Amino acid sequence: MVDPYLVFLLDDRRHALHLSVVDRVVHMVYVTPLPGAPDIVLGVVDMRGRLMPVVDVRKRFGLPGRRPAPADQLIVARMKQEPVALAVNDTLGIVECADQERIPVSGILPGVPYCNGVIRTRDGLILIHDLDAFLSLTEAAALDRALDAAGR
Numbered sequence: 001m002v003d004p005y006l007v008f009l010l011d012d013r014r015h016a017l018h019l020s021v022v023d024r025v026v027h028m029v030y031v032t033p034l035p036g037a038p039d040i041v042l043g044v045v046d047m048r049g050r051l052m053p054v055v056d057v058r059k060r061f062g063l064p065g066r067r068p069a070p071a072d073q074l075i076v077a078r079m080k081q082e083p084v085a086l087a088v089n090d091t092l093g094i095v096e097c098a099d100q101e102r103i104p105v106s107g108i109l110p111g112v113p114y115c116n117g118v119i120r121t122r123d124g125l126i127l128i129h130d131l132d133a134f135l136s137l138t139e140a141a142a143l144d145r146a147l148d149a150a151g152r
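Just so you know, we're using this note's numbering here: the sequence shown kicks off at 1 and counts up by one.
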């Protein structure tokens, strides 16, 4: 079976999400801070009248922090069926990968629950991420409380 993945860029590193969890990609907008949210959440954006948390993907991946730039993009996706926006530098398009071509991460990145595979391309490796494992239980609970307090 061949699966499609949306490839995105953080600095010079390529990452991917299964296309089934991606709703759309939009240009960066102002991110409003969300008091009480976990550190991994940059804040919220108003997306069609709904408050949507913006996850700091850089922080989760251990990259140096930086404020979102106007040229950045937001990937609107579903994390445990809840909509979230991921702040990324750019999206590079769709890549397809057969199950047998996907490399398991157990031997490459042990102990990284939000990464569930690697795609090898002629341009290098692409890390595949599992949004459902992106937030810890503590982070998810703190985010729920902060969103409720903001009038989700």
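Ideal Cβ placement from N, Cα and C applies to all residues, glycine included. Keep in mind it's a predicted model, so treat the numbers as computed, not measured.
Which of the three DSSP states is assigned to Pro-16 in this structure? A quick correction: the sequence has Ala, not Pro, at residue 16. Ala-16 falls in the strand class under three-state DSSP.
To the nearest angstrom, how far is the alpha carbon of Leu-125 from that of Leu-17? 14 Å
Tell me which same chain residues have a C-beta within less than 7 Å of the C-beta of Arg-152, skipping the five on either side of it? Leu-51
Do you know offhand how far Asp-130's Cα is from Thr-138's? 17 Å
Near Pro-101, which residues of its chain fall below 8 Å by C-beta distance, leaving aside the five closest residues on each side in sequence? Looking at the sequence itself, residue 101 is Glu, so the reference to Pro does not match. Cβ within range, chain order: Ile-119, Arg-120.
Between Asp-39 and Asn-89, is the Cβ-Cβ spacing less than 8 Å? no
To the nearest angstrom, report how far apart Gly-65 and Val-57 are at their CA atoms. 10 Å
Cβ shell of Arg-144 (< 7 Å), same chain only, five flanking positions each side left out: Reading the sequence as shown, one finds Asp at residue 144 and not Arg. Counting only Cβ-Cβ distances below 7 Å, and skipping sequence neighbours, we find nothing.
Out of Leu-9, Gln-81, Ile-103, Ala-150, which has the shortest C-alpha to C-alpha gap to Phe-61? Leu-9
Could you pull out every residue in the same chain whose Cβ sits closer than 8 Å to the Cβ of Leu-74, ignoring the five residues on either side in sequence? Val-25, Val-26, His-27, Met-28, Val-29, Val-45, Val-54, Ala-85, Leu-86, Ala-87, Val-88
Close-in-space but distant-in-sequence residues of the same chain around Asp-132 (CB under 6 Å, 5 per side omitted): Lys-80
What would DSSP say about Arg-145, mapped onto helix, strand or coil? helix
Kindly list the residues whose CB is nearer than 8 Å to the CB of Asp-83, restricted to its own chain and excluding five residues on each side of it in sequence; keep chain order. The displayed chain sequence assigns Pro, not Asp, to residue 83. If we look at Pro-83 and ignore the five residues flanking it on each side, its Cβ neighbours are Asp-23, Met-47, Arg-50, Met-52, Val-76, Ala-77.
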